[in-house]
Amino acid sequence: MGMRSRRPTVVAGTLLALLLLAGSAAATRPPAPSRPPAGPGSPIQLVSFTSCADALAELRAVTTAAVNPRGLPGEALPLSSGPTDDVAKSAPASEHSVTNSYEPGVDEPDLVKTDGQRIVMLSQQGVLHVVDPVTNRFTGRLNISRASYWGRYDLLLHGDHALILTDAEPMVRPAVDAGGDETASEPAGMSFHAEPSTTRLFLVDLSGPPRVLGTYKIRGRTVDARQTGSTVRVVVRSHAQVPFPELPATADEAAREAANRAAVATAGIEAWLPTYEWTAGTQKGSGRVDCDRLSRPQTGTGSTMLTVLSFDLTADRLTDGNPVSVAADADTVYSTGGSLYLASQRGLGMPPAPGRWPGQVGEAITDIYQFDTAAAGRPRYVAAGTIPGRLINQYALSEWQGHLRVATTTGQDERTSESGVHVLRRQGDTLTPTGAVTGLGPGEWIRSVRYLGDTAYLVTFRQTDPLYALDLSDHTAPRVTGELKITGYSAYLHPIADGRLLGIGQEADLDGRVQGVQVSLFDVRDPARPLRLDHWHRPNAWSVAEHDPHAFRYDPKTGLLAVPVDAGLRLLRVSGDTLTDRGEVTHPEGVISRSLLVGDTLWTVSDVGLRASDPTTGRSLAWLPTT
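Per mature numbering (1 follows the signal peptide of the UniProt record, and there is no 0): the sequence shown = residues -27 to -1, 1 to 600.
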């Protein structure tokens, strides 16, 4: 329909076999009790490995099942070889905004932070800048980039300490087997060699000129991180690193696959369990996740590992991260502070393994893993569950009164798709379904979700935008109470006072063709009759806030709404039932991606600098270039 689809990343179909295989492949573990085949809505139970031998046998078995002539699917490309106390501040902090995070009291990593005393910004070239918002001057700079890597950079802040998180992307290069031709587009003898992705953390002291106190490096890619008080949880996703042999170009596909299977059969446990290194001044340490820190879903294990690391930002070092791992996959992180949930979508289109339930082509289910993070230190893996459909992002999940609500879309096209909200409750080690409301938006897909206590608001879209209001007060019987149909859709919903919602997304015509960025003001005080009070539209425009809520800024004290639109920042004012355009802030070049308030000053951030402005008029007060 001319619109761009924004769905969550779905696990590569070939990885599905890793999660569907029976755990009975491990000869050293007694067979699990007989239970019904695992399908949508069936419980997933958690099992710890009894020994490294137990873990290795099962990991070898399921990885062997996924091997193909090229090696492993996804990121695990063939290898050539080898394996809450606050810190005192020197001055009172100004009133300031915080990162627009989902759950109150749970901070999320972003490229800029402020504590009212300082603004700390990370460029995507890996340079940290510190700004004094009183004098409008830079007070510090630190370059932590690595010339041989590129990746994203984010940070978290606590007192005088900042934690920088970066992914070092793998560098892929072709390698030609004997007899192969490097100039050919894909010769039969060519394999691809990659260094594994690496998560790197830097603990930085900001009490004076910024300096690195300690570093941490672990094999794998950062999924996300969450901070409660001084405790940070970092979720890392890693793949098996098996050294597959390089065969002559004359070897056929069957021989290559057989050789790769043989390599898996002889690989040691180090191929699966991620290794890490840390430094603190002149001290160094290294290690590997222990087998007694590894669990798996009872439905099977995979060659993908999830590792949760825990760090205390009041400490002067990062040490080993107190890791705990799960032999599973995930691409969504949601935290309430007391609980950490990891969720992953997997397709059902592959032929089922013997004795397993038969998936239908194009369908998908979501697996959810829960950790208890109420106490500092290592989290405790406590429960897992599964529901039909796909998530759009972390806003599709919400914990309330001991229940987890999850919004998903099932189906793949306008003939089969529909959405719903499923309610789960932890019973023992299983997240068990207790109720659901389904059949929402037939032929459409979820675009945004927002939970407010026992109420939820859900937007679906293909041609028009139904905004659904749902009553979730009865966990066993959630229900739709109202619906509003308008053109376009909201990709992010933000609650404000007096029973209103702000939505940002795209306007669209009656055929579903998008027409440019749109900000809507909704009245949801009457759950049976949601209304749109006002809206602002910029034709043919886009906003990063549609996909990244960290770019969205609303100040309840003044009604200021600051939204990146194209390369600038649009200033709107919410007053009663109306939205008023108050102007724009721009930078000399670059795209404004963030805004924050310190005292009565609006700061905007792009990769070329920071600008201080009057939030009521947009008038520039200072410009601080970073390049």
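Think of the CB as a built atom: it goes at the ideal place given N, C-alpha and C, for glycine as much as any other residue.
Since this is a predicted model, take the numbers as computed values, not measurements.
- Query: Does the distance from the C-beta atom of Ile191 to that of Tyr249 stay below 8 Å?
  - Reply: In this structure, Ile191 lies near Tyr249, with their beta-carbon atoms less than 8 Å apart.
- Query: In angstroms, rounded to a whole number, what distance separates the CA positions of Leu594 and Ser586?
  - Reply: About 5 Å.
- Out of curiosity, what's the CA-to-CA distance linking Thr407 and Ala450? Our two residues, Thr407 and Ala450, have alpha carbons roughly 8 Å apart in a direct line.
- Item | Host beta strand (DSSP E) of Arg505 (start-end) | That run of the beta strand (DSSP E) goes 504 to 512.
- Within the same chain, show all residues whose beta-carbon is closer than 7 Å to that of Arg498, passing over the 5 residues directly before and after it, in chain order. Excluding five sequence positions before and after Arg498, the CB atoms of its chain that fall closer than 7 Å to its own CB belong to Gly472, given in chain order.
- Task: Could you pull the start and end residues of the beta strand (DSSP E) that Thr577 belongs to?
- Result: For Thr577, the enclosing beta strand (DSSP E) begins and ends at 574 to 579.
- Please confirm if the stretch 263 to 270 is in contact with the stretch 204 to 221, defined as three or more CB-CB distances below 8 Å between the two stretches. Below 8 Å, too few C-beta pairs join the stretch 263 to 270 and the stretch 204 to 221 to call them touching: fewer than three.
- Message: I believe Leu552 touches Asp496 by the beta-carbon criterion, under 8 Å. Please report the beta-carbon distance rounded to the nearest angstrom.
- Response: Not really, about 13 Å apart at Cβ, beyond 8 Å.
- Work out the CA separation of Thr188 and Pro3 for me, nearest whole Å. Because the pLDDT of Pro3 is 36, which lies under 50, any placement of that residue in the model is unreliable, and the question is left without a value.
- Query: How many Å lie between Asp133 and Ile338 at the Cα?
  - Reply: Cα atoms of Asp133 and Ile338: separation of roughly 43 Å, rounded to the nearest angstrom.
- Query: Under the DSSP definition of a beta bridge, which residues are partnered with Asn116?
  - Reply: Within the DSSP secondary-structure output, Asn116 pairs in a beta bridge with Val100.
- Message: Can you tell me whether Gly582 is buried or exposed? The criterion is at least 16 other CB atoms within 10 Å of its CB, across all chains shown.
- Response: Per the 10 Å Cβ criterion, buried.
- Task: Classify Leu483 as buried or exposed, calling it buried when 16 or more other Cβ atoms lie within 10 Å of its own Cβ.
- Result: Around the beta carbon of Leu483, fewer than 16 other beta carbons lie within 10 angstroms, which makes this residue exposed.
- Task: Please determine, among Gly44, Val79, Gln436, Arg173, the residue with the shortest C-alpha to C-alpha distance to Gly310.
- Result: For Gly310, the nearest C-alpha among the options comes from Val79.
- Message: Our contact map puts Ala244 next to Ala213 with C-beta atoms below 8 Å; I'd like the distance itself, whole angstroms only.
- Response: 5 Å between Cβ atoms; contact.
- Query: By Cβ distance, which residues of its chain are closer than 6 Å to residue 628, with the 5 residues on each side in sequence left out?
  - Reply: With the chain covering -27 to 600 only, the question about residue 628 has no answer from this structure.
- Identify, in the order they occur along the chain, each residue of the same chain with its Cβ nearer than 8 Å to the Cβ of His448, setting aside the five sequence neighbours on each side. So the qualifying residues of the chain are Gln374, His376, Val396, Arg398, Thr407, Gly408.
- Query: Pick from Leu138, Gly461, Val100: whose alpha carbon is nearest that of Glu81?
  - Reply: The shortest Cα separation from Glu81 among Leu138, Gly461, Val100 belongs to Leu138.
- Task: Measure the C-alpha to C-alpha separation of Ala157 and Arg486 and round it to an integer number of angstroms.
- Result: Residue placement at Ala157 is flagged as unreliable, the pLDDT there being 36, under the threshold of 50; a coordinate-derived value is accordingly withheld.
- Would you identify the three-state DSSP class for Tyr368, choosing helix, strand or coil? Three-state result, Tyr368: helix.
- Message: I need the straight-line Cα distance from Arg363 to Thr201, nearest angstrom please.
- Response: When rounded, the separation of the alpha-carbon atoms in Arg363 and Thr201 is 28 Å.
- Message: Less than 8 Å between the C-beta atoms of Ser566 and Val578, yes or no?
- Response: Inclusion of Ser566 and Val578 in the CB contact set at 8 Å is warranted, their separation being smaller than that value.
- Would you call the CB atoms of Leu174 and Leu291 closer than 8 Å? Annotated as proximal: Leu174 and Leu291, with beta-carbon spacing under 8 Å.
- Can you name the start and end residues of the beta strand (DSSP E) that Ala429 belongs to? The continuous beta strand (DSSP E) containing Ala429 extends over residues 428 to 434.
- Query: Are Leu179 and Val93 close, meaning C-beta to C-beta below 8 Å?
  - Reply: Result yes, Cβ atoms of Leu179 and Val93 sit closer than 8 Å.
- Query: What does DSSP give as the partner residues of Leu279 in its beta bridges?
  - Reply: For Leu279, which the question treats as bridged, DSSP gives the partners Arg210, Val299.
- What number of angstroms, rounded off, separates the C-alpha of Ile17 from the C-alpha of Asn116? Straight-line measurement puts the Cα of Asn116 at about 45 Å from the Cα of Ile17.
- Report buried or exposed for Gln400, applying the criterion of at least 16 other Cβ atoms within 10 angstroms of its Cβ. It counts as exposed.
- Task: With distances taken Cα to Cα, identify the nearest neighbour of Asp88 among Ala347, Thr600, Val71, Gln98.
- Result: Ranked by how close their Cα comes to the Cα of Asp88, the residues Ala347, Thr600, Val71, Gln98 have Val71 in first place.
- Message: Closest to Glu480 by C-alpha separation, out of His69, Val492, Asp580, would be which residue?
- Response: Distance check between Glu480 and each of His69, Val492, Asp580 places Val492 closest, using alpha-carbon atoms only.
- Given that a residue counts as buried once 16 or more other Cβ atoms are within 10 Å of its Cβ, and exposed if not, what is Asn513? Asn513 is exposed by the Cβ-count criterion.
- Item | Pro218 versus Ser211 - alpha carbon distance | Going by C-alpha positions, Pro218 is about 21 Å away from Ser211.
- Item | Distance CB(Ala349)-CB(Asp285) smaller than 8 Å | Yes, these two residues count as a Cβ contact at 8 Å.
- Query: Which first and last residues belong to the beta strand (DSSP E) in which Leu29 is found?
  - Reply: Premise fails: Leu29 lies in the alpha helix (DSSP H), 25 to 39, not in any beta strand (DSSP E).
- Message: Looking only at its chain, what residues have a beta carbon closer than 8 Å to the beta carbon of Ala(-3), apart from the 5 residues adjacent to it on each side?
- Response: Low local confidence applies: a pLDDT of 33 at Ala(-3) is under 50, so the model's placement there is unreliable, with the coordinate-based value given in what follows. In the same chain as Ala(-3), and ignoring 5 residues on each side of it, the C-beta atoms closer than 8 Å to its own belong to Ala30, Glu31, Ala34, Val35, in chain order.
- Task: Quick one: measure Cβ to Cβ for Pro500 and Thr428, integer angstroms, because I've assumed they're closer than 8 Å.
- Result: About 7 Å separates the beta carbons of Pro500 and Thr428, which is inside the 8 Å limit, making them a contact pair.
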